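Residue numbers (our numbering): 1 to 154.
Even glycine gets a Cβ: it sits at the ideal position worked out from N, Cα and C.
None of the values given here were measured: they were computed from a predicted structure.
The structure is reproduced here in structure tokens:
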């Protein structure tokens with residue numbers, strides 16, 4: 001956990017002059033793979049990932065922060081990765097999301113708005129014998145287990 005905190009600090013240091021970029025997560029996996037997910041309001045470039053990787057790798061080596069060999073991977077969160085930050089939700093307004101709720105239910109709809117405490121989606125509800133109706137639903141963040149963006153190939 002100490003390594004993850006140090007890596008997070010190094011990433012924040014590197015992107016401090018880039019307000020459009022933000023750290024999503026740092027994970028050290030049991031197989032000594034260090035994963036850093038960074039995103040941006042308009043996405044993140046490969047050059048930005050390379051610069052972050054070099055900065056973090058250089059400092060970890062200088063400090064000998066990780067004693068064993070490790071693999072460093074810097075990228076944006078991949079398609080299908082759950083959203084973790086409100087800033088990620090804001091970035092995806094207008095896209096279709098799938099929400100797993102703590103009580104086991106699943107909701108799917110277009111992300112319309114995000115506040116500090118909840119998000120609003122437009123979901124299609126179909127009653128037997130009737131046409132589907134679009135309704136707006138507020139979903140409190142406290143009720144959400146996981147939210148992913150659905151990719152459309154239309």
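How many whole angstroms separate the CB atoms of residue i and residue j, which I take to be in contact at a CB cut-off of 8 Å?
{"i": "residue 133", "j": "residue 111", "result": "Not quite, the Cβ-Cβ distance comes to about 19 Å (not below 8 Å), so this is no contact."}
{"i": "residue 116", "j": "residue 136", "result": "In fact, because the Cβ distance is near 18 Å, the residues do not count as touching under 8 Å."}
{"i": "residue 148", "j": "residue 77", "result": "Not really, about 10 Å apart at Cβ, beyond 8 Å."}
{"i": "residue 22", "j": "residue 48", "result": "Incorrect: roughly 12 Å between the Cβ atoms, too far for contact."}
{"i": "residue 41", "j": "residue 13", "result": "20 Å between Cβ atoms; not a contact."}
Does the separation of the CB atoms of residue i and residue j fall below 9 Å?
{"i": "residue 55", "j": "residue 11", "result": "yes"}
{"i": "residue 25", "j": "residue 100", "result": "no"}
{"i": "residue 72", "j": "residue 108", "result": "no"}
{"i": "residue 102", "j": "residue 144", "result": "yes"}
{"i": "residue 93", "j": "residue 114", "result": "yes"}
Quick check: the Cα distance between residue i and residue j, rounded to an integer number of angstroms?
{"i": "residue 69", "j": "residue 62", "result": "14 Å"}
{"i": "residue 67", "j": "residue 74", "result": "20 Å"}
{"i": "residue 29", "j": "residue 35", "result": "8 Å"}
{"i": "residue 7", "j": "residue 32", "result": "14 Å"}
{"i": "residue 87", "j": "residue 125", "result": "28 Å"}
{"i": "residue 44", "j": "residue 128", "result": "45 Å"}
{"i": "residue 60", "j": "residue 142", "result": "36 Å"}
{"i": "residue 17", "j": "residue 130", "result": "54 Å"}
{"i": "residue 89", "j": "residue 120", "result": "11 Å"}
{"i": "residue 46", "j": "residue 58", "result": "18 Å"}
{"i": "residue 65", "j": "residue 5", "result": "11 Å"}
{"i": "residue 106", "j": "residue 138", "result": "14 Å"}
{"i": "residue 53", "j": "residue 15", "result": "12 Å"}
{"i": "residue 51", "j": "residue 37", "result": "13 Å"}
{"i": "residue 152", "j": "residue 104", "result": "24 Å"}
{"i": "residue 91", "j": "residue 118", "result": "15 Å"}
Per DSSP, what are the beta-bridge partners of residue i in this structure?
{"i": "residue 34", "result": "28, 72"}
{"i": "residue 23", "result": "38"}
{"i": "residue 139", "result": "119"}
{"i": "residue 149", "result": "97"}
{"i": "residue 43", "result": "41"}
Inset, instruction - Give, in chain order, every unbroken run of the beta strand (DSSP E) that is at least 3 residues long and sits entirely within the region 75-134. - result: If only uninterrupted beta strand (DSSP E) runs of at least 3 residues are considered, those enclosed by the region 75-134 are 96-101, 106-114, 118-125.
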